[in-house]
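Here the sequence shown stands for residues 11 to 295, numbered as in my numbering. Idealized CB from N, CA, C, for every residue including glycine. Heads up, the thing below is written out as structure tokens.
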Amino acid sequence: MCPIPLSKDCKILHEYLSENMAYMLNEAYKHGEHSPFWYQVALQLWQLKGMSDAFNRKFIDRADLLNRSHLNTLINEVMGIYLLQLNGDLGDLVSALSVLTLKKGKNKMGHPFIASPSCSALIKIVDNNVYLSHVTWSTYSIMLRVLKHYNFPWKTVNRTDSQKIPGFAITFSSYPTFTSSVDDFYLTSANLTITETTNNVYNDSLWNIVRNGSRNSVFTFIRGMVASRLAKTGDEWIAYFKYNNSGTYEKNEQQLDRTGKVGPGQSGLGMLVGGLCSIGSNRHK
């Protein structure tokens, strides 16, 4: 999509992504010892850095070299493995940045560079059963799928006395090279199931929020994984997910508590569009 040398539109995208990466790294270093959100962001960026190093044949043979300076090199690598992670966020981002050659561009097979919104979800109660359906619809080329299972016993914050995260184990639908679902279909060890229906953005005035968000937001693919790792309830999931909302890959998120509990915070609905986060819950009586 953005071969070297970078086109004018690709340079605009590169600048935005680099600024945003620098912001996330700075916040992660600053708040990692006391903020669960930012520590999980840091760990996910370390995962991406490891993948980027392997892809670029960079081999680190000393643990002391895995330091802040090494992770900071991600700022210069945003057009590589990191760009693939933005499959969901990218459509809204290129619209906000008005980089039309990327928005309308196609690859050698004639498929658009930018994926269109492609998920629909339904949760239905029938007698004593709960039925949950998640559908991802797209072109045939997207059928190379991977069901992934992460079991990462990470700590909640960057302290030796910190507890293990609730969602240390996550099963999710995904694709090769992706560190998140993108479909946003997750089953977590905290007994939460997360799914979503994607929302299109038709109000162009909201793009101003995205354009000005490189230094105050975190992309959806990261926030979704952070929320799934930290949340024990539907309300907690929404609270983590809406924090530092990027205004990209907007959706109606639904969380189902598989324990069968009924009460405040046990099930959640959250809709994010631009600067808006609307929250509610449905409970079956």
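- With a cutoff of 8 Å on beta-carbon distance, F188 and L94 are scored as near each other.
- Counted as a single uninterrupted DSSP element, the stretch harbouring E263 is not any alpha helix (DSSP H) but the beta strand (DSSP E) occupying residues 261-267.
- Among the bridge pairs identified by DSSP, F182 is matched with K158, Y196.
- About 21 Å separates the Cβ atoms of N254 and S215, ruling out a contact at the 8 Å cut-off.
- Per DSSP, H44 is not a residue of any alpha helix (DSSP H), being assigned neither H nor E.
- For a cut-off of 8 Å, the C-beta gap from L197 to A241 is around 13 Å, too long to register as a contact.
- Burial check for K261: the Cβ neighbour count within 10 Å reaches 16 or more, so the residue is buried.
- The way I'd put it, the segment 242-253 doesn't touch the segment 38-45; fewer than three beta-carbon pairs between them come closer than 8 Å.
- A straight-line Cα-Cα distance of about 31 Å links A106 and R78.
- Considering only G234, G223, N213, R239, the residue with the shortest C-alpha distance to M31 is G223.
- Scanning its chain for C-beta atoms nearer than 6 Å, with the 5 sequence neighbours on each side dropped, one finds around H159 the residues T181, in chain order.
- In this structure, D99 sits away from V211, with a CB-CB distance that is not shorter than 8 Å.
- For the options N218, K114, Y26, S130, the alpha carbon positioned closest to that of I124 is the one of K114.
- The criterion of a C-beta distance shorter than 8 Å is satisfied by V156 and S184.
- Ranked by how close their Cα comes to the Cα of I85, the residues S62, L16, L75 have S62 in first place.
- Counting every other CB atom within 10 Å of its CB across the protein chains shown gives L132 a total below 16, marking it as exposed.
- For L142, the enclosing beta strand (DSSP E) stretches over residues 139-146.
- In the three-state DSSP reduction, T230 falls in the helix class (H, G or I).
- In this structure, Y250 keeps its C-beta atom at 8 Å or more from the C-beta atom of T230.
- DSSP lists no beta-bridge partner residue for N77.
- When the Cα atoms are used, I22 and R225 turn out to be separated by approximately 15 Å.
- Per DSSP, E87 has no beta-bridge partner at all.
- Assignment of S215 by DSSP, reduced to helix, strand and coil, places it in the helix class.
- Within the same chain, F178, A179 come within 7 Å of N161 by CB-CB distance, once the 5 residues on both sides are set aside.
- Distances from the alpha-carbon of K174 to those of W56, V88, R239, G90 put R239 closest.
- Annotation: S105 is outside any beta strand (DSSP E); the continuous alpha helix (DSSP H) that includes it extends over 100-107.
- Taking a 10 Å sphere around the C-beta of V104, we find 16 or more other C-beta atoms and assign the residue as buried.
- Of the residues assessed, L27 falls on the buried side of the cut-off, its CB having 16 or more other CB atoms within 10 angstroms.
- Note that the C-beta distance between M235 and S190 is below 8 Å.
- Spatial neighbours of V109 in its own chain (CB-CB distance under 7 Å, excluding positions within 5 residues in sequence) are listed in chain order as D19, I22, L23.
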